[in-house]
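Residue numbers (the UniProt record's numbering): 1 to 154.
We treat Cβ as the ideally placed atom computed from N, Cα and C, and that holds for glycine.
Structure first, then comments.
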Amino acid sequence: MMKWGTPVAVVIIGVASAQWWMSKGVPDGASGDPLRGAALYAENCASCHGANLEGQPDWQTPDADGVLPAPPHDRTGHTWHHGDGLLFDYTKLGGEEMLKRMGVSGVKSGMPGFADSLSDQDIWDILAFIKNSWPEGERAIQRQRTEAEHQAGN
């Protein structure tokens with residue numbers, strides 16, 4: 001005769017674990033489509049950030065108006081230093097709004113917000129494309145940053 005205790009316990013633990021994980025939030029962008037994101041990036045981002053994610057020259061030096069040029073999104077930039085939530089919000093709301101929300105002053109951003117022209121899924125797809133271009137080491141660090149955001153409730 002088969003004992004049902006162990007299989008039932010495994011199912012209960014699995015369901016409880018899934019509920020806990022879901023309460024923490026599925027990592028943002030987990031369902032992003034990098035192929036779709038590549039097309040969206042080419043249409044909406046490449047004119048500033050470069051067709052190959054290379055950004056603008058001297059991207060760390062403000063121009064004459066104090067605006068920072070568009071940074072690279074490849075491994076030479078700092079995009080992978082930030083968690084998914086910040087990257088998503090920066091894209092959706094724009095640089096000026098995000099700098100204001102973060103309490104950063106003395107820096108100007110030329111990054112427009114895309115809330116009116118890209119859906120949330122579009123943004124996640126673009127981020128998936130960008131992240132897909134990074135070597136595993138940078139992706140691992142960026143995943144840690146995303147997890148830290150989630151743990152902090154962001």
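Integer-rounded CB distance, given that residue j should sit under 8 Å from residue i
i      : j     : result
Ile130 : His73 : 5 Å
DSSP bridge partner residues for residue i (one or two, in chain order)
i     : result
Val67 : Lys108
Residue i burial status per 10 Å Cβ neighbour count (16 or more: buried)
i           : result
Ala128      : buried
Glu149      : buried
Gly106      : exposed
Met102      : exposed
residue 180 : In this structure the chain extends from 1 to 154, so residue 180 is not present and cannot be described.
Gly83       : buried
Cutoff 6 Å; reference residue i; Cβ partners in own chain excluding five residues on either side
i     : result
Tyr41 : Ile126 and Phe129
Gly94 : Met111, Pro112 and Gly113
Inset, instruction - Could you tell me which uninterrupted alpha helix (DSSP H) segments, each at least 4 residues in length, are contained entirely in the UniProt domain "Cytochrome c" (32-134), listed from first to last along the chain? - result: 34-44, 46-49, 84-93, 95-101 and 120-132
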